[in-house]
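Novice: Position one of the sequence shown corresponds to residue 154 (my numbering), numbered consecutively onward.
All residues carry an ideal CB built from backbone N, CA and C; glycine is no exception.
Sharing a structure below in structure tokens format, with a few things to ask.
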Amino acid sequence: MTLLNQRLRWCGSIRIGSLLLLWAACLISCMSGNAEGSGLSAHQRQGLFEILHGTVERASQLPVGRDTTPPRVMRVEFVTHPDDASRRRVIQPGNAFVGNGSIEVRVTVSEPLASPPRVQLRQANGFLMPAALTGSAANPLFVYRLVPNPAPGANGPATLEITGEFDGQAPDFGYDRANNPLVAFVQSRALLVDTVPPGLKRVDTRIPGNSRSIPAEGRSLPANGFPREISVFVQDYNSRDDGSFSGPNVATDLASGVDFGQVGQQVSLRVRDPRGRVLPGNVVARPPSLVLLLPDPYNPGTGVFPDTDGDGRADPIEGTYRIEVDLVDQVGNRTSSNLLLGLDATPIGAGGVSVAIRPVFDTPFPNPPNPIPGQGAAVKRLRRVEVSGVDEDFDLIRSTARLLSRPGGEFSVPREVRTRLSRADGLLVLDVVLDQDGDGRDDFENPPPGQFLPPGATDPRLGRNDGVYIVEITAVDRAGNSSVLTRELVLDTTPPSAE
């Protein structure tokens, strides 16, 4: 084989008759008695046959040149969605995103080849995907079909390899008509494979305060707190949004990104009320968020809430609201996700709290009988008020309380008693300040006996703080609804006397 090539390349420009003699001599020396021409390539054997049997077009001169220049890749193009005319797109290699399905690879070489080159894609974690030749009629343009491995572990940067080989050992591929193999073409990050659909895990919701939506998913809204905007944070990751995400929650450049240009089509955001009705509104993109703009929900004319009591104001519908999100990324991966919101329009009722008065006396009978009722309780000491939530939705942190008195009787204007508010052991605690008038001396419930009081005489100041007291509680539930609840009691520090 080598001897034949050398003799062919030594030839300059000679006449046909001499060429035939030379080829015959070469044939005899190279075949070494083997009729099949062992050691010669198929196109070499065909060439000898054409010359010896006169099938070559006759000419007075036949130029024969020496070709030692290997062919090179001149151009590479990818065609995504080659079978869908509406989505078909030609892209250049180099950080080009591709998703599921096949792509077309067009390889243009510097000269016609006797054998097409080998094309393959080397993906992450060692996945090697060969391309299948589909067209070579326009040699030196060769067309291939390539299907990247869709496994999530194969996502990310992929290297394109276009190679040739000619060593006389089958299979040879990618060589020119002088048997020069193609110079290897290797391009890293020629493609970025992304077969994982986008999702809503932009933040790690296991961290307190993080949420995937505004209002935060899972939250229960109050009757007067339904928003004019609902936002969801959308982002593309290299991990599925299936609840098993365990890596660092940061954006990645290995994903093609949500196609915000499809808002209103394949990218959408809807909210369904507890009755299954889609709320009216418009969706806009504020990357990395999708936002649903709602009309005034409390205007009955907008159609968000109905006016059920005829007061001209829409009444919110209690229950669970479902946020439905449809996403598609730049390479066509699609996903749908749901988040939930609640709406609680019912505030805490009178029975949702319990009020106790301290101290408690055991003799001559228990006083007061805690928890005290809404009205009618009588106590002889009033140093501390303890409020606890009976309703499980009672929000201790946002709830508050105060103590009022009616020094002028039942119909007098209430006056706030000086107290210290604290929260401890699940209780709202009001400790009464004993110096009510701020003169530095204790005067509640009663001042100490006067220094010059005659023996057996009653201090005229005794019982001046007796009367009706009101414990006023602003009870806030988890949703944020608030209600004002009261307990009324009578302070009686004056012992009975015989008339």
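1. Below 8 Å between beta carbons: does that hold for valine 296 and threonine 287?
2. If you follow the beta strand (DSSP E) that threonine 445 is in, where does it begin and where does it stop?
3. Whole angstroms are fine: how far does the CA of valine 431 sit from the CA of threonine 455?
4. Straight-line CA distance for asparagine 363 to alanine 249?
5. State the DSSP-derived secondary structure class of phenylalanine 326, mapped to helix, strand or coil.
6. If distances are taken between C-alpha atoms only, which option among Glu471, Gly591, Ser635, Ala323 comes closest to isoleucine 501?
7. Using a Cβ-Cβ cutoff of less than 8 Å, which residues in the same chain neighbour serine 399 once the five nearest sequence positions on both sides are dropped?
8. Exposed or buried, which one is threonine 348 when buried takes at least 16 other CB atoms within 10 Å?
9. Inspect the CB distances between the segment 259-278 and the segment 488-501 and report whether three or more fall short of 8 Å.
10. With DSSP run on the structure shown, which of helix, strand or coil describes proline 648?
11. Within 10 Å of its beta-carbon, does isoleucine 654 have 16 or more other beta-carbons around it, so buried, or fewer, so exposed?
12. So, does the segment 548-558 touch the segment 625-632, judging by three or more C-beta pairs under 8 Å?
13. On the three-state DSSP scale, how would you describe glycine 362?
14. Since valine 336 and arginine 225 are thought to touch, with beta carbons under 8 Å apart, how far apart are those beta carbons, to the nearest angstrom?
15. Going by beta-carbon coordinates alone, are aspartate 548 and aspartate 630 separated by less than 8 Å?
16. What would DSSP say about glutamine 418, mapped onto helix, strand or coil?
17. Report the rounded CA-to-CA distance for glutamate 264 versus arginine 271, giving the unit in angstroms.
18. Contact defined as beta carbons within less than 8 Å: I believe arginine 365 pairs with leucine 353. What is the distance between those atoms, to the nearest angstrom?
19. Return the Cβ separation of glycine 309 and alanine 277 in integer angstroms, given the expectation that the two are a contact with Cβ distance under 8 Å.
20. Short check: CB of proline 246 to CB of leucine 345, under 8 Å?
21. Can you find the residues in the same chain that come closer than 6 Å, C-beta to C-beta, to serine 213, ignoring five residues on each side of it along the sequence?
22. Between the C-alpha atoms of alanine 537 and aspartate 544, what's the straight-line distance to the nearest angstrom?
23. Restricting to Cα atoms, I'd like to know which of Arg423, Pro223, Val387 is closest to phenylalanine 413.
24. Would you call the CB atoms of threonine 222 and valine 251 closer than 8 Å?
25. Once you ignore the five residues that flank glutamine 273 on each side, which residues in its own chain have a CB closer than 7 Å to its CB?
26. Spatial neighbours of glycine 580 within its chain, please: C-beta separation below 6 Å, excluding the five flanking residues on both sides.
27. Against chain C, with Cβ distances strictly below 8 Å, would valine 431 count as a contact?
28. With C-beta atoms as the reference, is leucine 535 less than 8 Å away from valine 585?
29. Could you have a look at phenylalanine 564 and say whether DSSP puts it in helix, strand or coil?
30. May I have the straight-line CA-CA distance separating proline 519 from phenylalanine 597, to the nearest angstrom?
31. Have a look at valine 566 and threonine 646 and give me their C-alpha separation to the nearest angstrom.
32. Label aspartate 449 either buried or exposed according to how many other C-beta atoms from any shown protein chain fall within 10 Å of its C-beta, with 16 as the threshold for buried.
33. When the distance is taken between beta carbons, is proline 351 closer than 8 Å to leucine 480?
34. Name the DSSP bridge partner or partners of serine 255?
35. Whose CA, out of Gly562, Val582, Phe458, lies closest to the CA of valine 506?
36. Would you mind stating whether threonine 461 and leucine 493 have Cβ atoms separated by less than 8 Å?
Specialist: Answer, in terms of the structure:
1. Against a cut-off of 8 Å, the Cβ pair of threonine 287 and valine 296 comes out as a contact.
2. The identity of residue 445 in the sequence shown is leucine, whereas the question assumes threonine. Looking at the DSSP string, the run of the beta strand (DSSP E) that includes leucine 445 is 442-446.
3. The alpha-carbon separation between threonine 455 and valine 431 amounts to approximately 13 Å.
4. If you draw a straight line from the Cα of asparagine 363 to the Cα of alanine 249, it is about 33 Å long.
5. If DSSP states are grouped into helix, strand and coil, phenylalanine 326 belongs with the strands.
6. For isoleucine 501, the closest C-alpha among the options Glu471, Gly591, Ser635, Ala323 is that of Ser635.
7. In this predicted model, serine 399 has a pLDDT of only 47, less than 50, meaning its place in the structure is not dependable; the value taken from the coordinates is given anyway. Closer than 8 Å at Cβ, skipping near neighbours: no residue.
8. Threonine 348 counts as buried, since at least 16 other C-beta atoms from the protein chains shown sit within 10 angstroms of its C-beta.
9. Output reads no: the segment 488-501 does not touch the segment 259-278.
10. The answer is coil: DSSP assigns proline 648 none of H, G, I, E or B.
11. This structure leaves residue 654 out entirely; the chain is present only between 154 and 652.
12. Output reads yes: the segment 625-632 touches the segment 548-558.
13. In the structure shown, glycine 362 sits in coil (DSSP, three-state: anything other than H, G, I, E or B).
14. The distance from the Cβ of valine 336 to that of arginine 225 is about 5 Å, consistent with a contact at the 8 Å cut-off.
15. Yes. Within cutoff.
16. Three-state result, glutamine 418: coil.
17. Straight-line Cα distance between these residues: approximately 16 Å.
18. Under the criterion of beta carbons closer than 8 Å, arginine 365 and leucine 353 qualify as touching, at roughly 5 Å.
19. Your pair glycine 309 and alanine 277 checks out as a contact, with CB atoms roughly 4 Å apart and the cut at 8 Å.
20. No. Outside cutoff.
21. Note that serine 213 scores a pLDDT of 47, beneath 50, so its modelled location is shaky; the value from the coordinates is reported in the next line. There are no such residues.
22. Per the sequence shown, the amino acid found at residue 537 is arginine instead of alanine. So the two alpha carbons sit approximately 22 Å from each other.
23. Ranking Arg423, Pro223, Val387 by Cα distance to phenylalanine 413 puts Val387 first.
24. Contact flag unset, no.
25. Contacts found: Leu281, Met282, Pro283, Ala284, Glu314.
26. For the sequence presented, residue 580 should be read as leucine rather than glycine. Annotation for leucine 580: Glu539, Ser541 place their beta carbon closer than 6 Å to its own, counting only its chain and skipping 5 residues before and after.
27. Included in the structure is just one protein chain, with no chain C present.
28. In terms of Cβ geometry, leucine 535 and valine 585 form a close pair [threshold 8 Å].
29. Secondary structure at phenylalanine 564: coil, using DSSP grouped into helix, strand and coil.
30. Distance from the CA atom of proline 519 to the CA atom of phenylalanine 597, rounded to whole angstroms, is 22 Å.
31. Rounded to the nearest whole angstrom, the C-alpha separation of valine 566 and threonine 646 is 22 Å.
32. Aspartate 449 comes out exposed.
33. Going by C-beta atoms, leucine 480 is nearer than 8 Å to proline 351.
34. For serine 255, which the question treats as bridged, DSSP gives no partner whatsoever.
35. Valine 506 has its Cα closest to that of Val582, out of Gly562, Val582, Phe458.
36. For threonine 461 and leucine 493, no; Cβs fall outside 8 Å.
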